[in-house]
DNA sequence: CTGAAAGCGCTAACAA
DNA sequence: TTGTTAGCGCTTTCAG
C-alpha cells in the first residue's frame, strides 16, 4: 500500500507521464479508452497526486485562507461552515488560521500567505488591529481578500458585514421601549469597526429617544474573561447602576449573567440584557437571552462566493463590492416577561 | 511590493541560490556576516519562501491534519486550541478538516492526505464510521496518526480519550443518588466507541444499583437536530417517562431542554439532566446544567504532543501509547436544588 | 491521440 | 565559506 507517483503509474501503464497527467485531468486530448485505463490503474495502485507539486507547477494552491480571531465562537464556527460549503463546491481547501485576537499573529499569518500558500483570503481582523498595512500589502501583492464581519474601513476591498449600526440601534430602542433608561454598552475594542458601529447605533438610539449619554455606561472590555467579569460586576455595583445592558459580542454573555447572579440582580426585572450572539443555547438560558443573531453561515458563504468570483475572473474587482446582510433581533426572556 | 523568489534574492545579493537558501535556514556553513546581509535583503525585498517548493523538495509538509466531525462544538473547538498550541511551538501548521459526521467525507479527506498534504494526522472519527480500513491504510502508508476522543478500537495506534465508561457511570450513579430510577440514555451512534463506552458505564451503574435496564430508555439519536428534538419529546411523553436523562453529547443539550420546556416538565423536579458537554454557558442555563466536562484542550494538546514525538523520531511507535484523561462531573441545578 | 522535455521554487550533495 | 547542479512530482508547451 505504498504511495505511488505519476511516473511509476506511467511506467505501469506503458504510457508517458504527460499522457497520464492529461488523462487524470480529463483532458480532451486523451482517448476515452486511455482515460479509463489510467483511472482504473490509478485506483488499483492507490495513486494520490501530490498537491504541492501541482501547486508549485501551476502557481496556484487551490487553498483559500480563512483568518479569524477564534474558533470557539458560534459566529465564526458557523461562518466557517458557510465558507466551506462553497469552497468544497469549487474544489478548494480551506485553511483556517486563528489570530487569537493578536495583531502580531495576524500579521505573521498574512505575511506567510504571500509565499503562495493560498490563492485568496477571507479575513475577520483581530480586536487589536488598528493599522492595516499588512492587509494592503497582501492585496498589493495580488492576493484577493474579502473581509467578513470585522473589516478595516480604509482598505479597499469587498466587505461582507451585517447591519451593525442598525441592529445596535434596534437593540437599544428595544431596551428603551422596555423602560430602560440607563443602558450600558459593552464594547470589545476601541478600534474595531464593528464595535464602533454598534456603539454609534447605541448612541444614536439614545439621542433619538432623548436619553443622555453617560460615559460610565460605556465599558471597553478586554480579552480576559475573568477581568471582564470583574469589570461588569463593578458596573453593576455602582450607585446608578444600569437597568439595561447591551453586550456587543457573544463571549460577554457568560460574564454578564454571572455578574447578575453574583449580585442577586434579577433579569429582566432589575436589569435587561441583549447580546450580539449566535449561541444555540440562547433560548435555554436563565432567563432565555434576547439576541441580535447574525447571519453567520450566510456571511461566510457570501464572502467565499465573492472571493471565488475574483479568483475565477482576474478582471473582477472586489472594490466597492460590499454586502450588508441584516441581523435579527430575537426577543426573549432577558428583556421581557 | 511584488513577491520575490530565492533566485531573484540571490541575484540582488550577488550570491548563489544555495548560499542564500542556507543562510535563510541558518546553516552552520554560512558566515554570520552573509546571514545578516541575506536576512536584511530578504526583509527589504519582502521575500517570503514558497512552502510548497520546500515541501516538495523535502518531502515533508510541516502540516498536520486535524480531522474532526464539526467545528461548531465546544469540545472540538477547545481541542483545536490545544493542538494548535503545540503545533505552533513546533513550527507546524494545522489543517482543520471537517467530516460533518459523514463517513464518505472522512474517507475522502484521509485519502487525500496520502498525497503528502500532511506529515501526520489527529483524528476523531465521524459518527458513521464503523469500518476503519481507510484509517489502517493511511497508517500502513507511513503516516503517523493519533486518535483523540473518538477512536477506532481495532486500529493499532495511539488513542487519547477520556474515561468515558467511568464518567457515564458517575453520571448515572449521581442521578440514582438524586432519586432517579428511570434513567434515559441518549446515544449518538451505535458504532462509536465513545458512545458505547458511555452506554456501558450507564448500564453498569444501573446494574450495580439494581435498577433494571429498559430498552425504551436507550435512544439512538440522529444527526438531525429537529428529529432529535422530536425523539426526545416522544421519550418524555410516554407513560413511564424517565425522571433522569443522560445526554452523551453536547449538541443534545438544547433539544433536551426544549423538549422539557415544551412539555412543561420542571427540571430538576420532574426530570434531572446530565450532559457530556463543554458548553461555557452550562452554568447559566435554565436551570444550570450538570455536566461531564471533558479535558478538551488537554486532550488536543496530549494528542498533538504524541504525534510530534512520532514525527521527530521515526523509531517511536504509537502502538499502545494510549492516554486516558479523566473528565469531571460538575454538579449543577439540573440534578439538584 | 501520445510523448519528450522544460521548469515551478526550493534544498542538499558535492565540488571548489 | 560559497557555488554548481540535480531533482522533489507535477503540468504544459511543442513536436510527432
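Chains as they are written, first to last, in full-length UniProt numbering: chain D, 1 to 337; chain R, 1 to 337. Note that beta-carbon positions come from the ideal geometry of N, C-alpha and C, so glycine has one too.
Assigned secondary structure, residue i (DSSP; H/G/I helix, E/B strand, else coil)
| i | result |
| --- | --- |
| residue 133(D) | helix |
| residue 20(R) | helix |
| residue 35(D) | helix |
| residue 266(D) | coil |
| residue 316(D) | coil |
| residue 194(D) | helix |
| residue 97(D) | strand |
| residue 81(D) | helix |
| residue 330(R) | strand |
| residue 15(D) | coil |
| residue 244(D) | strand |
| residue 90(R) | coil |
| residue 311(R) | helix |
| residue 72(D) | coil |
| residue 58(D) | helix |
| residue 167(R) | helix |
| residue 335(D) | coil |
| residue 162(R) | strand |
| residue 251(R) | helix |
Distance CB(residue i)-CB(residue j) smaller than 8 Å
| i | j | result |
| --- | --- | --- |
| residue 187(D) | residue 327(D) | no |
| residue 72(D) | residue 304(D) | no |
| residue 218(D) | residue 165(D) | no |
| residue 162(D) | residue 324(D) | yes |
| residue 95(R) | residue 118(R) | yes |
| residue 268(D) | residue 182(D) | no |
| residue 292(R) | residue 254(D) | no |
| residue 205(R) | residue 245(R) | no |
| residue 152(R) | residue 125(R) | yes |
| residue 335(D) | residue 220(D) | no |
| residue 67(D) | residue 112(D) | no |
| residue 39(R) | residue 12(R) | no |
| residue 332(D) | residue 263(D) | no |
| residue 300(R) | residue 43(R) | no |
Cα-Cα separation, residue i to residue j
| i | j | result |
| --- | --- | --- |
| residue 27(D) | residue 203(R) | 58 Å |
| residue 315(R) | residue 16(R) | 37 Å |
| residue 274(R) | residue 51(D) | 45 Å |
| residue 121(D) | residue 257(R) | 39 Å |
| residue 129(D) | residue 191(D) | 7 Å |
| residue 150(D) | residue 70(D) | 13 Å |
| residue 158(D) | residue 307(D) | 9 Å |
| residue 209(D) | residue 198(D) | 17 Å |
| residue 385(D) | residue 47(D) | Lying before the first or after the last residue shown, residue 385(D) is absent from chain D, which here runs from 1 to 337. |
| residue 74(R) | residue 277(R) | 8 Å |
| residue 156(R) | residue 63(R) | 23 Å |
| residue 320(R) | residue 147(R) | 12 Å |
| residue 363(D) | residue 201(D) | Because chain D in this structure spans residues 1 to 337, residue 363(D) falls outside the shown range and cannot be described. |
| residue 132(D) | residue 280(D) | 33 Å |
| residue 100(R) | residue 82(D) | 13 Å |
| residue 224(R) | residue 252(R) | 10 Å |
| residue 19(D) | residue 92(D) | 25 Å |
| residue 57(D) | residue 109(D) | 23 Å |
| residue 287(R) | residue 286(D) | 7 Å |
| residue 313(R) | residue 90(R) | 14 Å |
Close-in-space but distant-in-sequence residues of the same chain around residue i (CB under 7 Å, 5 per side omitted)
| i | result |
| --- | --- |
| residue 84(R) | 94 |
| residue 102(D) | 126 and 128 |
| residue 4(D) | 45, 46 and 47 |
| residue 171(R) | 246, 274, 292 and 329 |
| residue 265(R) | 236 and 271 |
| residue 249(D) | 188 and 276 |
| residue 322(R) | 158 and 159 |
| residue 228(R) | 221, 222, 252 and 255 |
Same chain, Cβ closer than 6 Å to residue i, five either side skipped, listed in chain order
| i | result |
| --- | --- |
| residue 114(D) | 141 |
| residue 194(D) | 150 and 164 |
| residue 310(R) | 144, 316 and 318 |
| residue 295(R) | 325 |
Proximity test, residue i beta-carbon vs the ligand FAD heavy atom, cut-off 7 Å
| i | result |
| --- | --- |
| residue 148(R) | Although the ligand FAD was asked about, the structure shown includes no ligands whatsoever. |
Residues of its chain near residue i, where Cβ-Cβ distance is below 8 Å and the 5 sequence neighbours each way are ignored
| i | result |
| --- | --- |
| residue 213(R) | 203, 206 and 207 |
| residue 116(D) | 55, 59 and 61 |
Can you confirm whether the region 28-38 of chain R touches the region 33-47 of chain D when touching is taken to mean that 3 or more C-beta pairs between the two stretches lie within less than 8 Å? Counting Cβ pairs under 8 Å, fewer than three are found: no touch.
Does the pairing of the region 224-233 of chain D with the region 251-269 of chain D give three or more beta-carbon distances under 8 Å? yes
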